[in-house]
Amino acid sequence: MKASVQTTRRGLFGLAGAAAAVAAMGPGSTRAQAVSTRAKIVIIGAGAAGTGLANKLVRRLDGAEITIIDPRPEHLYQPGLSLVATGLKPASYVVSQTADWLPRGVTLIAEAAAAIDPLAKTVATTGGQTVAYDFLVLAPGLVLDHQAIEGFSRDLIGTNGIGALYGGPEDAAKTWEAVRAYTETGGVALMSRPTTEMKCAGAPLKHAFLVEDIASRTVGAGNFEIHYTAPQGALFGVPIVAEKVRMLFGQRGIATHMQHTLKSIEPGTKRAVFAKTGTDAATGQPVTSDVEMQYDYLHVIPPQRAPDFIRQSDLSWADKWTDQGWVEVDSKTLRHLRYPDIFAIGDVAGVPKGKTAASVKWQIPVVEDHLVAAIGGQEGTAVYDGYTSCPLITRVGQAMLIEFDYNNNLVPSFPGVIAPLEELWISWLMKTLALKPTYNAMLRGDA
Amino acid sequence: MQELTLGTMIAVFEEMFGRWLFWGLVAAAVVITGLYLMVLIRDRRVSWRKFLVAQLSMPVGAVAAVLFLQQITHSHLRDMGGPVDWLVLIGVAGLGGVGLAIMVYTLQSLLRRPGRDAGRDAVPEVRAVGAVPVVLEGS
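Top line first, the protein sequences correspond to chains A and B.
Using numbering that gives the first Met the number 0, the first residue of the first sequence is number 0, and each one after it goes up by one.
Using numbering that gives the first Met the number 0, the first residue of the second sequence is number 0, and each one after it goes up by one.
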């Protein structure tokens with residue numbers, strides 16, 4: 000193994016003096032020696048997790064038969080969708096070609112997975128192929144359950160004041176059409192989020208902040224009002240962040256409606272119905288009532304679930320997230336609790352936090368470690384602590400670089416330099432300049 | 000950030016600019032700095048006239064660097080949120096100012112032979128080795 004100059008995240012500025020060593024270093028300078036194996040490894044999904052892991056594995060394994068199953072030719076940089084939906088980036092900003100990221104020696108089957116037999120250790124595809132595996136990595140992402148919102152369909156996005164940025168670059172670009180119209184005319188904007196777990200739980204907040212910021216500079220204060228609705232009782236899963244967002248919403252005049260779940264919409268009349276949950280004052284029993292709200296702009300985030308083939312293959316938690324079907328894995332190793340030759344990584348993993356690209360960046364080395372160790376007949380040692388990162392955009396030009404773990408601890412990468420709960424330009428620069436290159440480097444297995 | 004290695008930083012910069020542009024920029028910085036040192040050693044003195052022109056170009060480089068960054072990131076001076084933001088802004092301005100000054104001084108030295116403007120310099124001779132810190136003080 001080559002010698003390397005390495006530092007922890009806390010030693011960032013110590014690197015300046017070592018700049019002279021840069022020329023002698025390459026991206027792969029910390030590679031470990033490859034393990035010889037004939038193992039068949041199947042990865043379902045060529046998104047951030049599947050692609051990043053595949054690039055890591057080809058460097059660690061010599062002779063392994065690695066197959067990736069994914070029907071979509073395009074790779075989507077999903078952290079960019081919030082920027083597309085507010086006109087800050089074009090739709091093309093998030094699109095690249097899946098095949099361009101995959102390493103040589105990996106077989107891509109351009110079909111969707113249809114079923115998994117964890118006992119026979121095979122994956123069936125929608126094209127009728129059956130692929131045997133020794134180790135299986137589940138990284139198919141999640142599915143958006145648009146039909147759960149009565150009256151909503153994707154072809155409505157961009158019309159009648161309706162936005163929904165999660166569906167992909169086209170949906171995000173159409174969302175910007177609706178946002179632009181709203182910020183020119185004003186009125187009432189309703190922001191929603193689902194009851195289920197969701198990818199990038201900060202995105203609904205970012206969208207609310209950005210729409211407010213753009214509207215305040217276009218139609219102007221007094222001509223619009225923004226209402227943030229959520230089924231949960233708090234604005235963010237991490238209490239200290241939730242309090243900060245509550246204060247910012249107060250300063251910006253964004254009204255909050257907690258315990259409100261979007262049920263249905265009437266696009267023609269621009270009315271949305273929410274199920275409001277509360278407690279009956281007399282009996283103490285939970286009660287639900289319908290609340291109708293008028294809107295000029297409505298942002299819809301549908302419920303999010305594991306793909307059907309996961310839920311139908313006996314791989315989901317039986318006692319948690321039963322309506323969502325996330326894979327039953329150990330939260331520290333991401334290894335299936337009943338089928339040790341199966342791992343789950345990314346959105347589909349049934350862990351308390353971590354449906355972000357930043358989480359994936361932390362999860363990849365953990366799965367890599369345990370998978371390579373298992374091939375060598377050993378136990379891995381790497382642990383995923385639930386790290387995730389949310390560059391929580393609060394204005395065009397400012398963000399809070401919030402990083403936290405399973406225990407709701409803030410774990411700032413640059414303590415004392417970049418304060419996590421301050422709205423900073425440097426955090427915005429990191430979101431708009433550094434994040435995509437870091438993501439791309441992760442896809443290539445270099446970061 | 001999980002671990003920040005030099006290799007990771009290079010990979011990120013390669014992705015940010017593209018591999019060829021990134022290494023092209025590194026090469027351009029090395030070449031310009033090398034040429035700057037070369038003309039100092041060749042001329043064996045600092046030309047104060049050229050240095051004055053170089054210094055006058057510094058505000059242009061500083062402002063241009065800041066405006067360029069703001070342009071590509073949709074941001075504005077109103078977005079300064081804390082001391083670290085001002086440090087970043089000053090750093091960007093400083094890089095732009097010093098970078099342009101070095102380039103302007105080097106271009107003048109390459110385009111004009113030494114001695115042509117020697118008579119107009121207020122200080123006729125300064126040894127090149129001692130001149131480098133003077134340039135840095137000016138930044």
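No residue lacks a Cβ here, since even glycine has one placed at the ideal position from N, Cα and C.
These numbers come from a predicted model, not from an experiment.
Rounded to the nearest angstrom, the gap between the Cα atoms of residue 165 of chain A and residue 30 of chain B is 46 Å. Of all residues in the region 381–400 of chain A, only 386, 394, 395, 396 and 397 place a beta-carbon less than 8 Å from a beta-carbon of chain B.
Under the three-state reduction of DSSP, residue 395 of chain A is assigned to coil, being neither helix nor strand. Here the region 388–405 of chain A lies against the region 414–426 of chain A, with 3 or more beta-carbon pairs under 8 Å apart. Residue 99 of chain B has a beta carbon lying at 9 Å or more from every beta carbon in chain A. Per DSSP, the continuous beta strand (DSSP E) segment holding residue 95 of chain A begins and ends at 94–96.
Judged by their CB atoms, residue 131 of chain A and residue 121 of chain A are nearer to each other than the 9 Å cut-off. Judged by beta-carbon spacing, residue 72 of chain B lies beyond the 9 Å limit of residue 75 of chain A, meaning their Cβ atoms are not closer than that value. Beyond the five residues adjoining it in sequence on each side, residue 143 of chain A comes within less than 7 Å, by CB distance, of 165, 166, 301 and 303 in the same chain, given in chain order. According to the DSSP assignment, residue 434 of chain A belongs to the alpha helix (DSSP H) that extends over 434–442. Short of 6 Å from the beta carbon of residue 135 of chain A, and not among the five residues preceding or following it, lie these beta carbons of its own chain, in chain order: 41 and 341. If you look at residue 369 of chain A, you'll find it in the alpha helix (DSSP H) that goes 356–374. For residue 423 of chain A, the neighbours in chain B by C-beta distance under 8 Å run, in chain order, 80, 81, 83 and 84. In the three-state DSSP reduction, residue 49 of chain B falls in the helix class (H, G or I). If you draw a straight line from the Cα of residue 39 of chain A to the Cα of residue 36 of chain B, it comes to about 57 Å. Residue 77 of chain A sits away from residue 348 of chain A, with the two beta carbons spaced by 9 Å or more. Residue state for residue 290 of chain A is assigned as strand, using DSSP reduced to three classes. Nearest to residue 172 of chain A by C-alpha distance, out of A:92, A:320 and A:411, is A:92. In summary, residue 434 of chain A is buried, with 16 or more beta-carbon neighbours lying within 10 Å of its beta-carbon over all protein chains present. Interface annotation, residue 72 of chain B: in contact with chain A, CB-CB separation under 9 Å.
The beta-carbon of residue 445 of chain A is placed less than 9 Å from the nearest beta-carbon of chain B. Comparing alpha-carbon positions, the option among A:236, A:385, A:203 and A:324 lying closest to residue 353 of chain A turns out to be A:385.
Shown here, residue 111 of chain B sits in coil according to DSSP, grouped into three states, outside any helix or strand. By the C-beta density criterion, residue 109 of chain B is exposed, having fewer than 16 other C-beta atoms within 10 angstroms. Counting only runs that start and end inside the region 161–214 of chain A, the alpha helix (DSSP H) elements of at least 4 residues fall at 168–184.
Within the region 42–54 of chain A, no residue has a Cβ lying closer than 8 Å to any Cβ of chain B.
In the three-state reduction of the DSSP assignment, residue 268 of chain A falls in the coil class. Residue 361 of chain A has its alpha-carbon roughly 29 Å from the corresponding atom of residue 19 of chain B.
The region 68–128 of chain A contains, as complete alpha helix (DSSP H) runs of 4+ residues, the segments 80–83 and 97–100 (chain order).
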